[in-house]
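K.L.:
The numbering of the sequence shown is our numbering, which starts it at 7 and goes up by one.
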Amino acid sequence: MTSFDLQRLKLRSGEEHREEVELELQPLEFGGQRYLPVPETVPAELVVNRATTGTALRLRFRVRLHGPCYRCLGDAVVDLPIDVREYQATNPDSDELRTPYLDDDRLDLSAWARDSVVLALPEQILCRADCAGLCPVCGRNLNEEPHEHEREGGDPRWAALESLKDAL
Ligand SMILES: [Zn+2]
Ligand SMILES: [Zn+2]
C-alpha cells in the first residue's frame with residue numbers, strides 16, 4: 007500500500023509540489039476475472055496545489071494489466087495511461103468537495119490508483135480487437151482453429167471426422 011503524507015509538505019496557499027512516487031498497484035477483479043499489474047510498482051507523478059479554498063491533487067502513471075481475454079480466455083494485456091484529479095476543500099460542507107482518499111493528511115494513493123484503473127478499463131478486455139473467441143458449439147479457440155459447424159443435428163459423419171482430426 008502506498009500512501010502519501012501531505013502534512014510534511016507544509017504547503018502554503020498558492021504553492022505547488024511535484025513529486026515522483028513509487029506507486030504500488032493491486033490486482034483487480036473485473037468481469038469475474040483477475041488482472042495483475044505488471045510491474046506491480048510503477049513510477050507516478052503526484053502534483054499537489056494548495057489554495058486558500060482547498061487542495062487540488064493530480065496523479066499520473068501508466069499501468070499494464072495481464073489477465074484473461076474476455077472472449078477466448080487467452081492472455082490479454084491492457085496498457086492504460088492514467089491521469090486523475092481529486093479536490094479537497096479546506097472546509098468541506100458537502101461530499102463533492104472532499105476526496106475519499108484523504109484521511110487527515112494521509113493520501114491513500116493505492117486506493118486512488120485502483121479506482122482510477124477500474125474506471126479507465128475498456129468495456130471488454132481482449133487479447134486483440136478482432137478476437138474470434140471460443141466456438142459456442144465445441145468450445146475450441148476460433149483464433150487458433152477457425153471452423154464452422156454444420157447446423158445442429160448435422161451430419162454425424164462430420165462429427166466422426168472431427169474427432170478423427172483431433173486424434174491425429
Ligand atoms: Zn481473445
Ligand atoms: Zn466448434
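We put the beta carbon where it would ideally sit given N, CA and C, even for glycine.
(1) Leaving out five residues on either side along the sequence, give the residues of the same chain with a beta carbon under 6 Å from the beta carbon of H72.
(2) Is the beta carbon of G38 within less than 8 Å of some heavy atom of ligand 2?
(3) Could you name the residues of the same chain whose beta carbon sits closer than 8 Å to that of R68, not counting the 5 residues immediately before and after it, in chain order?
(4) Please confirm whether any heavy atom of ligand 1 lies closer than 8 Å to the CB of C75.
(5) So, does the region 133-142 touch the region 73-82, judging by three or more C-beta pairs under 8 Å?
(6) Could you please give the first and the last residue of the uninterrupted alpha helix (DSSP H) stretch that includes D81?
(7) Let me make sure I understand the geometry here. Which of H155, L15 and A95 has the alpha-carbon closest to that of E25?
(8) Determine the direct distance from the alpha carbon of H153 to that of E30, and round the result to whole angstroms.
(9) Which value, in whole angstroms, describes the spacing of the CA atoms of D109 and G60?
(10) Do you know how far the Cα of E51 is from the Cα of S23?
(11) Below 8 Å on the Cβ atoms is my contact criterion, and I expect R146 with S9 to pass it. Report the Cβ-Cβ distance as a whole number of Å.
P.N.:
Looking at the atomic coordinates:
(1) If we look at H72 and ignore the five residues flanking it on each side, its Cβ neighbours are L42, V44 and V83.
(2) no
(3) V48, D85, L86, P87 and I88
(4) Result yes, Cβ under 8 Å from ligand 1.
(5) Counting Cβ pairs under 8 Å, three or more are found: they touch.
(6) Segment D81 to A95 is the beta strand (DSSP E) holding D81; no alpha helix (DSSP H) there.
(7) L15
(8) 43 Å
(9) Whole-angstrom Cα-Cα distance: 15 Å.
(10) Before going further, note that residue 23 is His rather than Ser in the sequence given. Answer to the nearest angstrom: the Cα atoms are 10 Å apart.
(11) Actually they are not in contact, since the Cβ atoms of R146 and S9 sit about 47 Å apart, beyond 8 Å.
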